[in-house]
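Numbering (UniProt numbering), first residue to last: 1 to 662. We put the CB at the ideal spot given by N, CA and C, even for glycine. Taking it in order: structure first as structure tokens, then the write-up.
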Amino acid sequence: MPRTASSVAHPAEPSAPRPAGDRMPPGRPRRAGLRRGLAGLGLLAATLPAWAADFGAALRIPGAQRPDLLLQRDASSAALPSCARLQGLAGGRHHRVQLISAQSGQPIVFELIEPKVFDCQRGHPLVLHGHGFGGSRTVDPAGTFLERLQAQGHAVISLDLRGFGESGGTVRVMDPNTDGRDLLQVLEWAETHLDFLAHDPQPGGGHNLVAGATGGSYGGMFQLLLHNLDAKRRLDALTPDITPHDLRDSLNPNGVIKTAWVALLVALGETGASQKLIGGLDPLIRETLVRGVATNTFPAGALPFFYYHSAKYFLDGLPAAQQTPMRFLGAGLSGSLGYDFPAVPPPPVSILFSQGMRDTLFNFNAGFANFQGYRARGGDVRLLSHEGGHILPGSGTVLGALAPLAPAQAALQASLGALGLSLPDTQAPAGPERCGRLDRLDATLAFLNEKLQPPAATPPSAAVAADLARLRSEVCLSLAPDQALWLSPARLAGANLVSARLPARSVPLAQGLTGAGSLVAPVFVPLSGLPADRRVLAGIGQLDLTLSAPLAALTPCVRARLGAAADPLLDLQLGCDPIVLVGWGARRGNGAPRLIDEQLTPLRGLKRHTLPMVGVAERLAPGETLGLLLHGAHLQYASSVSRDLLLPAVTVQGSVRVPLER
């Protein structure tokens, strides 16, 4: 497709924020088909929604007709389409645009993707698109989801997020101080330089930009961050897929580092960086990951850094006095470590969350926590799950690509299964991004169209429309590629839990003589007394387990610290630092148990552990027995195993609350 030459400019300073009340109520329908200047007609008043009746003259308009908007034409936009100038309105093209970051002086690069056909009477909603970690912007939308948006009448900006693609700076994992300011700058530029964008009337008078956002993983994080920071409340609809809630929990759940994922993220961050030698992962990120893997403990001073970069920081809304200082050895090598943006709870907004049930980086719990948090703010917030997400490459993925070895892998697995053992692995290949019959991208398009009302929108199929409407009151859980279960948020929040006892079992740890055997023969503990007519495991279980040492009297806890107590360089514990990984298991007869949805919940330390398990959704096969799988080691956690040489094994006992459905 044709492209214009790149250009560079410093965008104008952001205008003063509009008062919080001067915004269309979330979830209200927009009138995309009416123009300004027809007010006063009784017929017109009858077609307007109730909230707009008091100011009937104010209807959706393009930026070119908005009298209070100071539009700018400079080097960054001189060659771009303009309704006011009747310039470049053929439609369907895309353009490289480059700005200079006001906060860092680094380039910010993105692709402006025009709608297929321009409508200068109603204007076009803007959809911001972000890529995954290590990725880059979509340059040519042909054959992608962005082309579907383009055809419906959306204008799209596909971003090279900070540190990736052609955008400069180090990768700081959605830091409000750096990434956040760059995102606000792009949104401000779009509002003041693209006069064909749509603007909707507000209850208090005036207009506001019509805008949404889409993308997955890192491309979902930017959406939540931008909405959380934007005082002008310009985003009307978000569609984040496989997105975290609290990075501390995603990278270091219960004090155990996901080292397999950490290694993969380091590789993606460095190979996808825009500046390989001077950019890549920020020194603070590198320090955190290197220290964490080396010492088996996430540095305490880094935890508030990752909290500040999470949606949970804003949803919690804690005052500044309660925020923990960030501490790094290499603090002088990087930028600001302060909380430049206070933890102000975000305003209501319409969001369609989607999360992978087998995602082992940003699991279902993250999606459900985001769903609960933003729903409590008052917006139209919905949630569906699917069989995709962040899936670690496993033997099935690797050997499947090597055709001659695939049958050998299957034969080996079958032989081990007959012995009640399983082949050590991370995860099986990903499944489709669908919840039953509802395709994630179909739902995303229908949701954005519903909320933003582009001029060329086509209605979704009856099935998509019905399922999207059902998501207003229920959550769709993917049980398998072609099966779904719909549950109310209340049932997912714990109304479907059934209690079961877990008798005492010994679990060998990784450094013991039998610890390595946990990779092929984890301890399976069947759960008795469960309702026979509830064979669907669906939701977030609750653990109440105690880890104890069989010979505790002979192995007293010894602790050695090196460095400051608040953030020690080394915190070594002997005789009291076991790590056990717990998951739901299903077994038929004496065969090898399978790990349901490949999800694990780590426990660390000799103590009582009361905490949620990772959410799952599967239907038990006929003849399968449900239980808990207890691992002393697993490839998902790689080197994050017990390094306590005084503890070859631990005893696990207690109870579990099981999420069961019929």
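Open item on the list: Would Glu-111 and Arg-122 be called neighbours here (beta carbons separated by less than 9 Å)?
Closed with: As a first step, residue 111 must be located in the sequence shown, where it is residue number 111. As a first step, residue 122 must be located in the sequence shown, where it is residue number 122. The Cβ atoms of Glu-111 and Arg-122 do not sit closer than 9 Å to each other.
TODO: Look up Gly-21 in the DSSP assignment and say whether it is helix, strand or coil.
DONE: The sequence position of residue 21 within the sequence shown is 21, counting from 1. Low local confidence applies: a pLDDT of 38 at Gly-21 is under 50, so the model's placement there is unreliable, with the coordinate-based value given in what follows. Coil.
Task: Closest Cα partner of Asp-119 within the set Val-641, Ala-457, Val-658 - done: On the sequence shown, position 119 is the one that residue 119 refers to. Nearest option by C-alpha distance: Ala-457.
Task: Assigned secondary structure, Glu-598 (DSSP; H/G/I helix, E/B strand, else coil) - done: Mapped onto the sequence shown, residue 598 falls at position 598. Assignment of Glu-598 by DSSP, reduced to helix, strand and coil, places it in the helix class.
Open item on the list: Quick check: Leu-630 and Cys-576, are their CB atoms within less than 9 Å of each other?
Closed with: The residue you call residue 630 lines up with position 630 of the sequence shown. The residue you call residue 576 lines up with position 576 of the sequence shown. Leu-630 is not a Cβ neighbour of Cys-576, given a cutoff of 9 Å.
Task: C-beta atoms of Leu-441 and Glu-450 nearer than 9 Å - done: In the sequence shown, residue 441 corresponds to position 441, counting from 1. In the sequence shown, residue 450 corresponds to position 450, counting from 1. Not closer than 9 Å, so no.
- [ ] Would you give the residue range spanned by the beta strand (DSSP E) that Val-558 belongs to?
- [x] Counting from one through the sequence shown, the residue named residue 558 turns up at place 558. Note, Val-558: beta strand (DSSP E), 558-562.
- [ ] Apply the 10 Å Cβ neighbour rule to Asp-482 and answer buried if 16 or more other Cβ atoms are within range, or exposed otherwise.
- [x] For the purposes of this step, residue 482 is identified with residue 482 of the sequence shown, where counting begins at 1. Result: exposed.
Task: Residues bridged to Leu-543 [DSSP beta-bridge criterion] - done: Counting from 1 along the sequence shown, the entry for residue 543 is found at position 543. Beta-bridge analysis with DSSP links Leu-543 to Leu-611, Val-656.
Task: Rounded distance between the beta-carbons of Leu-384 and Leu-438, thought under 8 Å - done: Here residue 438 refers to the residue found at position 438 when the sequence shown is read from its first residue. Here residue 384 refers to the residue found at position 384 when the sequence shown is read from its first residue. Leu-384 and Leu-438 do touch by the CB rule: their CB atoms are close to 6 Å apart, below 8 Å.
Task: Counted within 10 angstroms of its Cβ, other Cβ atoms place Ala-50 as buried (16 or more) or exposed - done: As a working mapping, residue 50 is identified with position 50 in the sequence shown. Since pLDDT at Ala-50 reaches only 39, below the 50 mark, its modelled position is unreliable, and the value read off the structure follows with that caveat. Exposed is the call here.
Task: Residue nearest to Gln-223 in terms of C-alpha spacing, selected from Ala-564, Ala-302, Phe-368, His-309 - done: Along the sequence shown, read from residue 1 onward, the residue named residue 223 stands at position 223. Answer by Cα proximity: His-309.
Open item on the list: With a threshold of 8 Å, are at least 3 pairs of Cβ atoms found where one atom belongs to the region 129-144 and the other to the region 294-307?
Closed with: Because the criterion of three Cβ pairs below 8 Å is not met, the region 129-144 and the region 294-307 do not touch.
Open item on the list: Counting beta carbon pairs with one atom in the region 124-138 and one in the region 214-231, are three or more of them shorter than 8 Å?
Closed with: The region 214-231 is in contact with the region 124-138.
- [ ] Check whether the region 248-259 touches the region 231-238, counting contact only when three or more Cβ pairs, one atom from each stretch, lie closer than 8 Å.
- [x] Segments in contact, no.
Open item on the list: Run through the DSSP bridge pairs and tell me what His-386 is partnered with.
Closed with: Walking along the sequence shown from the start, residue 386 turns up at place 386. The partner list for His-386 (beta bridge, DSSP) reads Gly-356.
Task: 9 Å Cβ cutoff met for Phe-353 and Asp-241 - done: In the sequence shown, residue 353 corresponds to position 353, counting from 1. In the sequence shown, residue 241 corresponds to position 241, counting from 1. With respect to Asp-241, Phe-353 sits close: the two C-beta atoms are nearer than 9 Å.
TODO: With DSSP as the reference, please indicate the residues paired to Arg-197 in a beta bridge.
DONE: Here residue 197 is taken as the residue at index 197 of the sequence shown, counted from 1. The sequence given here has Leu at residue 197, not Arg. Its beta-bridge partners are His-124.
Open item on the list: Quick check on DSSP: helix, strand or coil for Asp-54?
Closed with: For the purposes of this step, residue 54 is identified with residue 54 of the sequence shown, where counting begins at 1. Bear in mind that a pLDDT of 38 at Asp-54, under 50, signals an unreliable position, so the model cannot answer this.
TODO: Taking Ala-500 and Leu-530 to be in contact with their CB atoms under 8 Å, please state how far apart those CB atoms are, rounded to whole angstroms.
DONE: The sequence position of residue 500 within the sequence shown is 500, counting from 1. The sequence position of residue 530 within the sequence shown is 530, counting from 1. Confirmed, about 6 Å.
- [ ] Would you kindly work out how many angstroms separate the C-alpha atoms of Pro-556 and Met-613, rounded to a whole number?
- [x] The sequence position of residue 556 within the sequence shown is 556, counting from 1. The sequence position of residue 613 within the sequence shown is 613, counting from 1. One C-alpha to the other measures close to 29 Å.
Open item on the list: In the DSSP assignment, the alpha helix (DSSP H) including His-227 goes from what residue to what residue?
Closed with: Stepping through the sequence shown from its first residue, residue 227 is reached at position 227. In the DSSP assignment, His-227 falls within the unbroken alpha helix (DSSP H) covering 218-229.
- [ ] State yes or no: is the C-beta of Ala-549 within less than 9 Å of the C-beta of Gly-632?
- [x] Within the sequence shown, residue 549 is the residue found at index 549, counting from 1. Within the sequence shown, residue 632 is the residue found at index 632, counting from 1. For Ala-549 and Gly-632, no; Cβs fall outside 9 Å.
TODO: Grab the span of the alpha helix (DSSP H) containing Gln-150 for me, first residue to last.
DONE: Position 150 of the sequence shown, counted from the first residue, corresponds to residue 150. Run containing Gln-150: 145-152, per the alpha helix (DSSP H) assignment.
Task: Complete runs of the beta strand (DSSP E) confined to the region 477-513 [at least 3 residues] - done: You should have 483-487, 497-508.
Open item on the list: Using 8 Å for Cβ pairs, my map puts Leu-635 next to Ala-260. What's the rounded Cβ distance?
Closed with: What you label residue 635 is simply residue 635 of the sequence shown in a count that begins at 1. What you label residue 260 is simply residue 260 of the sequence shown in a count that begins at 1. The C-beta distance from Leu-635 to Ala-260 rounds to 6 Å, short enough to fall under 8 Å.
- [ ] Excluding the 5 residues preceding and the 5 following Leu-333 in the sequence, name in chain order all residues of the same chain whose CB lies nearer than 6 Å to its CB.
- [x] Mapped onto the sequence shown, residue 333 falls at position 333. In its chain, beyond the 5 residues on either side, Pro-283 have a beta carbon closer than 6 Å to the beta carbon of Leu-333.
Open item on the list: Once the 5 residues before and after Asn-370 are set aside, which same chain residues still bring their CB inside 7 Å of it?
Closed with: Along the sequence shown, read from residue 1 onward, the residue named residue 370 stands at position 370. So the qualifying residues of the chain are Thr-243, His-245, Ala-311, Phe-353.
Open item on the list: Please return the same chain residues whose Cβ sits closer than 7 Å to the Cβ of Tyr-339, not counting the five positions on each side in sequence.
Closed with: Along the sequence shown, one-based indexing puts residue 339 at 339. Here the set comprises Tyr-308, Ala-320, Gln-323.
Task: Under the three-state DSSP convention, the category Asp-236 falls into - done: Taking the first residue of the sequence shown as 1, we reach residue 236 at position 236. Strand, per DSSP.
Task: Close beta carbons around Leu-146, own chain, < 7 Å, minus the five adjacent residues each side - done: Along the sequence shown, one-based indexing puts residue 146 at 146. Excluding positions up to five away in sequence, the list reads Ile-113, His-129, Thr-138, Val-156, Ser-158.
Open item on the list: Quick check on DSSP: helix, strand or coil for Ser-642?
Closed with: Position 642 of the sequence shown, counted from the first residue, corresponds to residue 642. If DSSP states are grouped into helix, strand and coil, Ser-642 belongs with coil.
Task: Thr-170 classed as buried or exposed, judged by whether at least 16 other C-beta atoms fall within 10 angstroms - done: Along the sequence shown, read from residue 1 onward, the residue named residue 170 stands at position 170. A residue is called buried once 16 or more other Cβ atoms fall within 10 Å of its Cβ, and Thr-170 is buried on that count.
- [ ] Reducing DSSP to helix, strand and coil, say where Gln-409 ends up.
- [x] Taking the sequence shown and counting its residues from 1, one reaches residue 409 at position 409. Below a pLDDT of 50, predicted positions are generally treated as unreliable, and Gln-409, at 44, falls in that range; the measurement from the model is reported next regardless. Helix, per DSSP.
Task: Assigned secondary structure, Asn-208 (DSSP; H/G/I helix, E/B strand, else coil) - done: What you label residue 208 is simply residue 208 of the sequence shown in a count that begins at 1. If DSSP states are grouped into helix, strand and coil, Asn-208 belongs with the strands.
TODO: Could you please give the first and the last residue of the uninterrupted beta strand (DSSP E) stretch that includes Arg-93?
DONE: Translated into the one-based positions of the sequence shown, residue 93 becomes position 93. Looking at the DSSP string, Arg-93 is not in any beta strand (DSSP E), and its letter there is neither H nor E.
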